[in-house]
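A.B. asks:
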Amino acid sequence: MKRLLLAVAAAAALWGAACSGGSTVAPPPPVGGYSVASLNGQYVFTTSGEVFTGASEVNLARTGVFTANGQGSITGGVEDVNASGTVSPAVQISGGNYTVNADGRGTLTLNLNSNGTASAINFAIVLTSTNDGLMIDETSSQTQASTGSGNFTKQTGGPFTLSSVTGPYVFDFAGLDVNVAPESFIGQFDVNNATISSGFFDDNDNFQLVNGSLSGTFAEDNLNLTFPISTFGRGLALIGGQNFVFYIVDATRVRFISTNGGMLSGDAVAQNNSVPTTVAGLNSSFAYLVAGTSFNGGLTRVGRFTAAGSTISNVHQDSNDALRFIATDNTTNMSITLDPVTPGRGTLTFTDPNFKSAPSIYIFYLSSASQGVIQETTVDSTTFPVAVADGTIAAQVGGPFSTSNITGTYAYNWSGLSSQQGGNANDEEDLLGQATVASLAFIGTDDIFQFSTGTPQTNLAASGTISIGGSDGTTADGNRNTMTVIYNKSSSSASTVNCVVYFVSPQLAFFANSSSSATRIVVGILQAQQTP
Numbered sequence: 017m018k019r020l021l022l023a024v025a026a027a028a029a030l031w032g033a034a035c036s037g038g039s040t041v042a043p044p045p046p047v048g049g050y051s052v053a054s055l056n057g058q059y060v061f062t063t064s065g066e067v068f069t070g071a072s073e074v075n076l077a078r079t080g081v082f083t084a085n086g087q088g089s090i091t092g093g094v095e096d097v098n099a100s101g102t103v104s105p106a107v108q109i110s111g112g113n114y115t116v117n118a119d120g121r122g123t124l125t126l127n128l129n130s131n132g133t134a135s136a137i138n139f140a141i142v143l144t145s146t147n148d149g150l151m152i153d154e155t156s157s158q159t160q161a162s163t164g165s166g167n168f169t170k171q172t173g174g175p176f177t178l179s180s181v182t183g184p185y186v187f188d189f190a191g192l193d194v195n196v197a198p199e200s201f202i203g204q205f206d207v208n209n210a211t212i213s214s215g216f217f218d219d220n221d222n223f224q225l226v227n228g229s230l231s232g233t234f235a236e237d238n239l240n241l242t243f244p245i246s247t248f249g250r251g252l253a254l255i256g257g258q259n260f261v262f263y264i265v266d267a268t269r270v271r272f273i274s275t276n277g278g279m280l281s282g283d284a285v286a287q288n289n290s291v292p293t294t295v296a297g298l299n300s301s302f303a304y305l306v307a308g309t310s311f312n313g314g315l316t317r318v319g320r321f322t323a324a325g326s327t328i329s330n331v332h333q334d335s336n337d338a339l340r341f342i343a344t345d346n347t348t349n350m351s352i353t354l355d356p357v358t359p360g361r362g363t364l365t366f367t368d369p370n371f372k373s374a375p376s377i378y379i380f381y382l383s384s385a386s387q388g389v390i391q392e393t394t395v396d397s398t399t400f401p402v403a404v405a406d407g408t409i410a411a412q413v414g415g416p417f418s419t420s421n422i423t424g425t426y427a428y429n430w431s432g433l434s435s436q437q438g439g440n441a442n443d444e445e446d447l448l449g450q451a452t453v454a455s456l457a458f459i460g461t462d463d464i465f466q467f468s469t470g471t472p473q474t475n476l477a478a479s480g481t482i483s484i485g486g487s488d489g490t491t492a493d494g495n496r497n498t499m500t501v502i503y504n505k506s507s508s509s510a511s512t513v514n515c516v517v518y519f520v521s522p523q524l525a526f527f528a529n530s531s532s533s534a535t536r537i538v539v540g541i542l543q544a545q546q547t548p
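Next comes the structure, spelled out in structure tokens:
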């Protein structure tokens, strides 16, 4: 039973592919204004996926910092790695190189130096601006093989100190507990003088729900003076009894990776004062995406609902529970509440006609009026949780969505599990690409790493279409918005991926596959590129 991981604020997806005949097609020439100069500065990166350890595959999380000089060279950095609870000491990034094409696609190689032993890890990247981008690990060499999806974002505000982390934050840490069982740990805390003065959490540890107050501390890592907090933003944290290494991106975002036997990673995002304190302040449509595991295997859900104060309407959800695809409509007993004590914490409840024994329940923590994290806490008729899953919730803005505003250049990423030999989906699979969308048709280029095949396939031609089915572009009338992606493998075959799409805005969409014909469980995002 393998846990699907969301490496960033929306990075895991569900997709299915059905092979069809065809010939290898050359990708379009890269067009745009990006170059190696677009990647210039110090960036915090994170990925979650798998690595070969000996003859077996285990879960892997990476978090660290690299410095790009704007000319194609990596000049330094640091990385922390956790492989299914086995934590490695911080490793120096001694150098490396990168490329950036005009369309924002490129490659990134980080040279590592661990106690005098040299190695290298390789990534495909797509810039979404000069400040951030998406990435997949596609390391495949004689000494190491690893994959995973994630992102990178530019550090600002240095030199860093412990006081750089101050105020209320909302967090989502996903992964594995000390027994290598699935765990989702979300919540809110306040930091003052390097101390968590107050906080509240919801934890789903291997299908056991626990919540309550939390405390903790932030500190410098005095055992790793090579990587001072002032330069790299790196330090140590104790949150709710669990130990982490943290990296400060800026005052509004901090990245974490656990160091005490489990494998949790994720972000804490500053909570602003726009968070509603009563349900009367909830007047928006929201889209959400969660990924994780059920008792059957990998699990993903994407959906949307409309909140008008305490009134909930137009709930629609698409699920993949271990290759069982479920479309949810016509829900009943819908409600939403906000915690009067913990700012931004709330509960969404509805009865799903496909799951009649008990209501579907989600806990969420808003970091603003329009953004937050969400965790499924649904229990069955025996009050046992049905899933360990978490992800992102975001207000839908900019609609109705149509040909006129779903246009331009986009980066896209999906990640999850697949099986290339048939049977249950249990091997890591990651895809990263860039496409130009015009008249709801797109054409682009992507890389895919199906881990069981051992070798990433790069620079594959991709094409597809988007269909706006909902009358307001948000699936509020139950008609699914769809996306079809066709990518040409380096062999002589092509794969067609049919998806449902939930637009957050013209700049962001969550998508998931809508076909049960393939042995895949993955989740994804479509994110607009900014003009460099």
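According to the working numbering, the sequence shown is numbered sequentially starting from 17.
Cβ coordinates follow ideal geometry from the N, Cα and C atoms, glycine included.
Leaving out five residues before and five after Ile264 in sequence, what residues of the same chain have Cβ atoms less than 6 Å from its Cβ?
C.D. replies: Locating residue 264 in the sequence shown gives position 248, counting from the first residue. Result list for Ile264: Phe176, Ser180, Gly249 and Val270, in chain order.
A.B. asks: Are the beta-carbon atoms of Ala323 and Ser301 separated by less than 9 Å?
C.D. replies: Numbered from 1 along the sequence shown, position 307 holds the residue referred to as residue 323. Numbered from 1 along the sequence shown, position 285 holds the residue referred to as residue 301. Yes; because the gap between Cβ atoms is below 9 Å, this pair is in contact.
A.B. asks: Quick check: what's the CA-CA separation for Gln391 versus Asp406?
C.D. replies: What you label residue 391 is simply residue 375 of the sequence shown in a count that begins at 1. What you label residue 406 is simply residue 390 of the sequence shown in a count that begins at 1. Roughly 4 Å between the two C-alpha positions.
A.B. asks: Output the boundary residues of the beta strand (DSSP E) element that contains Ile537.
C.D. replies: On the sequence shown, residue 537 is found 521 positions in, with the first residue counted as 1. Unbroken beta strand (DSSP E) run through Ile537: Arg536 to Ala544.
A.B. asks: Using a threshold of 9 Å, state whether the C-beta atoms of Met186 and Gly388 are closer than that.
C.D. replies: Mapped onto the sequence shown, residue 186 falls at position 170. Mapped onto the sequence shown, residue 388 falls at position 372. First, the amino acid is wrong: residue 186 is Val here, not Met. Yes, the Cβ-Cβ distance between Val186 and Gly388 is below 9 Å.
A.B. asks: Could you give the first and the last residue of the continuous alpha helix (DSSP H) run that contains Phe551?
C.D. replies: Since the first residue of the chain shown is 17 and the last is 548, residue 551 is not available in this structure.
A.B. asks: Taking the beta strand (DSSP E) that Thr481 falls in, what are its first and last residues?
C.D. replies: Along the sequence shown, read from residue 1 onward, the residue named residue 481 stands at position 465. Residues Gln473 to Ser483.
A.B. asks: Pick out the complete beta strand (DSSP E) segments inside the stretch 61 to 113, 3 residues or longer, and give them in chain order.
C.D. replies: Entirely contained in the stretch 61 to 113, the beta strand (DSSP E) runs reaching 3 residues are, in chain order, 72 to 85 and 89 to 99.
A.B. asks: With 16 as the cutoff for other CB atoms within 10 Å, does Leu208 come out buried or exposed?
C.D. replies: As a first step, residue 208 must be located in the sequence shown, where it is residue number 192. According to the sequence shown, residue 208 is Asn rather than Leu. Looking at its Cβ environment, which holds fewer than 16 other Cβ atoms inside 10 Å, Asn208 is exposed.
A.B. asks: To the nearest angstrom, how far is the alpha carbon of Ala210 from that of Ala140?
C.D. replies: Numbered from its first residue, the sequence shown carries residue 210 at position 194. Numbered from its first residue, the sequence shown carries residue 140 at position 124. So the alpha carbons of these two residues sit roughly 36 Å apart.
A.B. asks: CB Tyr304 to CB Phe527, shorter than 9 Å?
C.D. replies: The residue given as residue 304 occupies position 288 in the sequence shown. The residue given as residue 527 occupies position 511 in the sequence shown. No, Cβ-Cβ distance for Tyr304 and Phe527 is not below 9 Å.
A.B. asks: Taking the alpha carbon of Ala357 as the reference point, which residue from Leu178, Gln108 and Phe205 has its own alpha carbon closest?
C.D. replies: Numbered from 1 along the sequence shown, position 341 holds the residue referred to as residue 357. Before going further, note that residue 357 is Val rather than Ala in the sequence given. If we check each option's Cα against that of Val357, Phe205 comes out closest.
A.B. asks: Can you look up Phe467 in the DSSP assignment and give me helix, strand or coil?
C.D. replies: Sequence index remark: in the sequence shown, residue 467 carries index 451 (1-based). DSSP places Phe467 in helix when its eight states are reduced to three.
A.B. asks: For Gly49, which residues of its own chain have a beta-carbon under 8 Å away from its beta-carbon, when the five flanking residues on both sides are left out?
C.D. replies: Working through the sequence shown from its first residue, we reach residue 49 at position 33. Cβ within range, chain order: Ala118, Thr547 and Pro548.
A.B. asks: What separation, rounded to the nearest whole angstrom, lies between the Cα atoms of Phe223 and Pro401?
C.D. replies: Taking the sequence shown and counting its residues from 1, one reaches residue 223 at position 207. Taking the sequence shown and counting its residues from 1, one reaches residue 401 at position 385. Cα-Cα distance, rounded: 5 Å.
A.B. asks: Is the beta carbon of Gln58 closer than 9 Å to that of Thr83?
C.D. replies: The residue given as residue 83 occupies position 67 in the sequence shown. The residue given as residue 58 occupies position 42 in the sequence shown. Yes. Within cutoff.
A.B. asks: For Gln158, count the other beta carbons within 10 Å of its own beta carbon; 16 or more makes it buried, fewer makes it exposed. Which is it?
C.D. replies: The count along the sequence shown starts at 1 and reaches residue 158 at position 142. The residue is exposed, with fewer than 16 neighbouring Cβ atoms inside 10 Å.
A.B. asks: Would you mind sorting Val226 into buried or exposed? The rule is 16 or more other CB atoms within 10 Å of its CB.
C.D. replies: Your numbering for residue 226 matches position 210 in the sequence shown. The residue is exposed, with fewer than 16 neighbouring Cβ atoms inside 10 Å.
A.B. asks: In angstroms with no decimal places, state the Cα-to-Cα distance between Asn240 and Asn370.
C.D. replies: Taking the sequence shown and counting its residues from 1, one reaches residue 240 at position 224. Taking the sequence shown and counting its residues from 1, one reaches residue 370 at position 354. Answer to the nearest angstrom: the Cα atoms are 52 Å apart.
A.B. asks: Any contact between the stretch 415 to 435 and the stretch 450 to 468? By contact I mean 3 or more CB pairs, one from each, below 8 Å.
C.D. replies: They touch, by the three-pair rule.
A.B. asks: Strictly under 9 Å for the Cβ-Cβ distance: is Asn56 near chain C by that measure?
C.D. replies: Absent from the structure: chain C. Only one protein chain is present.
A.B. asks: I'd like the list of long-range same chain contacts for Asn12, defined as Cβ closer than 7 Å, with 5 residues on each side in sequence excluded.
C.D. replies: The first residue shown for the chain is 17 and the last is 548, placing residue 12 beyond what the model contains.
A.B. asks: Give a yes or no on whether the C-beta atoms belonging to Leu476 and Ile459 are separated by under 9 Å.
C.D. replies: In the sequence shown, counting from the first residue as 1, residue 476 sits at position 460. In the sequence shown, counting from the first residue as 1, residue 459 sits at position 443. It is not a contact, given that the beta carbons lie outside the stated cut-off.
A.B. asks: Measuring straight from C-alpha to C-alpha, what distance separates Asn330 and Thr419?
C.D. replies: Taking the first residue of the sequence shown as position 1, residue 330 is located at position 314. Taking the first residue of the sequence shown as position 1, residue 419 is located at position 403. Rounded to the nearest angstrom, the two C-alpha atoms are 23 Å apart.
A.B. asks: Which runs of the beta strand (DSSP E) spanning at least 3 residues fall entirely within the stretch 325 to 403, listed in chain order?
C.D. replies: Qualifying beta strand (DSSP E) stretches, in chain order: 327 to 337, 340 to 344, 348 to 354, 361 to 368, 371 to 382 and 387 to 392.
A.B. asks: According to the Cβ coordinates, are Phe234 and Ile202 closer than 9 Å?
C.D. replies: As a first step, residue 234 must be located in the sequence shown, where it is residue number 218. As a first step, residue 202 must be located in the sequence shown, where it is residue number 186. Against a cut-off of 9 Å, the Cβ pair of Ile202 and Phe234 comes out as no contact.
A.B. asks: Counting along the chain, where does the beta strand (DSSP E) carrying Asp488 start and finish?
C.D. replies: Within the sequence shown, the letter at position 472 stands for residue 488. Segment: none, Asp488 is in no beta strand (DSSP E) and carries neither H nor E.
A.B. asks: Taking the alpha-carbon positions, what's the Gly485 to Asp493 distance?
C.D. replies: Position 469 of the sequence shown holds residue 485. Position 477 of the sequence shown holds residue 493. Computed Cα separation, rounded: 9 Å.
A.B. asks: Who are Glu236's beta bridge partners in DSSP?
C.D. replies: Position 220 of the sequence shown, counted from the first residue, corresponds to residue 236. Beta-bridge pairing links Glu236 to no other residue.
A.B. asks: Please tell me whether Ile90 and Thr125 are closer than 9 Å, where the distance is taken between their beta carbons.
C.D. replies: As a position in the sequence shown, residue 90 is number 74, starting the count at 1. As a position in the sequence shown, residue 125 is number 109, starting the count at 1. Taking 9 Å as the Cβ cut-off, Ile90 and Thr125 qualify as a contacting pair.
A.B. asks: Among the residues of its own chain, which have a CB less than 7 Å from the CB of Ser156, if the five just before and after it don't count?
C.D. replies: Stepping through the sequence shown from its first residue, residue 156 is reached at position 140. The answer, listed in chain order, is Gly470, Thr471 and Pro472.
A.B. asks: For the beta strand (DSSP E) containing Arg271, name the first residue and the last one.
C.D. replies: Stepping through the sequence shown from its first residue, residue 271 is reached at position 255. Residues Arg269 to Ser274.
A.B. asks: Under 6 Å Cβ to Cβ from Phe380, same chain only, skipping five residues before and after it: list those, please.
C.D. replies: Taking the first residue of the sequence shown as 1, we reach residue 380 at position 364. The residues are Gly362, Gly388, Ile390 and Ile409.
A.B. asks: Starting from the C-beta of Ser386, find all residues in its chain whose C-beta is less than 6 Å away, skip the five residues before and the five after it, and write them out in chain order.
C.D. replies: In the sequence shown, counting from the first residue as 1, residue 386 sits at position 370. Correct list, in chain order: Ala411.
A.B. asks: Leaving out the 5 sequence neighbours to the left and right, which residues in its chain are closer than 7 Å to Ala42 when beta-carbon positions are compared?
C.D. replies: Working through the sequence shown from its first residue, we reach residue 42 at position 26. Same-chain partners within the cutoff: Ala477.
A.B. asks: Do Thr62 and Asn129 have their beta-carbon atoms positioned less than 9 Å apart in this structure?
C.D. replies: Mapped onto the sequence shown, residue 129 falls at position 113. Mapped onto the sequence shown, residue 62 falls at position 46. Not in contact: Asn129 and Thr62 (Cβ atoms no closer than 9 Å).
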